[in-house]
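To keep things clear, I will list the structure first and then write my remarks on it.
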Amino acid sequence: MEYIPNARWLLETGKLSDFTIICKRAEIRVHKVVLYAHSGYFAALLDSNMKEAREGVVTFNDIDPEPMNHLVDIFYSGSQEFSFAPSDLRSNVNVWILADRLQARQAMRKIESRLKDHFKLYENKEVGAQANYLDMVFSHPACSVSAIGSVFAEAAWVVLIETKDVELRSSIINSFAKHNQLAWEVLMWSWIYGRIAYDDGCAAGMLFDSTVAENLRWRYITASFTEAP
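Heads up: the sequence shown at position 132 corresponds to 132 in our numbering, and the numbers run straight through without jumps.
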């Protein structure tokens with residue numbers, strides 16, 4: 001499925017809308033052609049003879065309006081900036097999880113890419129290594145084994161090694177014990193960075209900022225990006 005060029009104005013005005021998404025009584029007026037182009041779930045729904053397809057309305061009582069609004073905005077925005085910042089980790093993860101549910105693979109890949117870039121900086125890794133974010137990512141089966149999981153696990157491992165905050169270090173270790181997939185991912189990152197230190201002789205404090213480390217980090221994370229048409 002291909003991205004339709006920027007059509008955010010259609011979403012903002014509701015002009016020519018022919019379909020409505022309802023999330024907990026909040027209505028979002030959209031266009032079938034955009035949904036069809038960006039979501040496997042909606043493509044299958046609109047190809048069916050189901051009541052929702054005939055009446056042009058679908059209701060999700062278990063989805064909050066905010067992540068749906070953000071995801072739909074991605075459908076319409078083309079190459080423009082998202083309606084939420086890379087630093088808004090909760091929104092990024094929530095929208096990725098919703099995109100996974102609705103089979104919006106291009107949106108999933110875009111979120112994976114922006115978080116990979118966001119976590120280049122140590123101070124951003126330190127935020128991502130907080131227990132609430134690790135719980136959010138690694139409590140979701142699909143998210144935990146995705147590029148999102150790889151990004152957060154790498155952040156947790158780097159912070160565990162670098163931080164002088166004893167409470168944060170203890171929190172990260174507790175998260176390892178709580179989430180098996182996180183522990184496995186961290187083991188992989190330990191091996192990756194260990195090989196760099198062994199092969200290239202990177203001194204402590206320079207390992208994570210080295211060009212070799214960044215290239216390997218980029219390759220490992222992008223290899224697990226969601227495949228999209």
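In this text, a Cβ means the ideal position worked out from N, Cα and C, and glycines have one as well.
These numbers come from a predicted model, not from an experiment.
Roughly how far, in whole angstroms, is the beta-carbon of residue i from the beta-carbon of residue j, given that I think they are within contact range, below 8 Å?
| i | j | result |
| --- | --- | --- |
| A155 | G128 | 4 Å |
| V186 | A153 | 5 Å |
| I172 | V159 | 6 Å |
Can you tell me whether DSSP reads residue i as helix, strand or coil?
| i | result |
| --- | --- |
| F82 | coil |
| Y193 | helix |
| F236 | Here the chain has residues from 1 to 229 only, and residue 236 is not among them. |
| A26 | strand |
| I21 | strand |
| L10 | helix |
| L182 | helix |
| G56 | coil |
Is the beta carbon of residue j closer than 8 Å to that of residue i?
| i | j | result |
| --- | --- | --- |
| I74 | A26 | no |
| M68 | I21 | yes |
| A43 | L71 | no |
| D88 | C23 | no |
| A147 | S224 | yes |
| F119 | V151 | yes |
| S17 | L102 | no |
Which stretch, first to last residue, makes up the beta strand (DSSP E) that contains residue i?
| i | result |
| --- | --- |
| E227 | Per DSSP, E227 belongs to no beta strand (DSSP E) and is neither H nor E. |
Residue i: beta carbon under 7 Å from a heavy atom of the ligand SAH?
| i | result |
| --- | --- |
| Q181 | Absent from the structure shown: the ligand SAH. Ligands present: none. |
What is the residue span of the alpha helix (DSSP H) that residue i lies within?
| i | result |
| --- | --- |
| I148 | A147 to E162 |
| N92 | L89 to R101 |
| S48 | Run containing S48: none; DSSP gives neither H nor E here. |
| K178 | V166 to K178 |
| A37 | K32 to H38 |
| S139 | That residue, S139, is in no alpha helix (DSSP H); it is neither H nor E in DSSP. |
| I221 | T211 to A223 |
| D62 | Element bounds for D62: n/a, residue is neither H nor E. |
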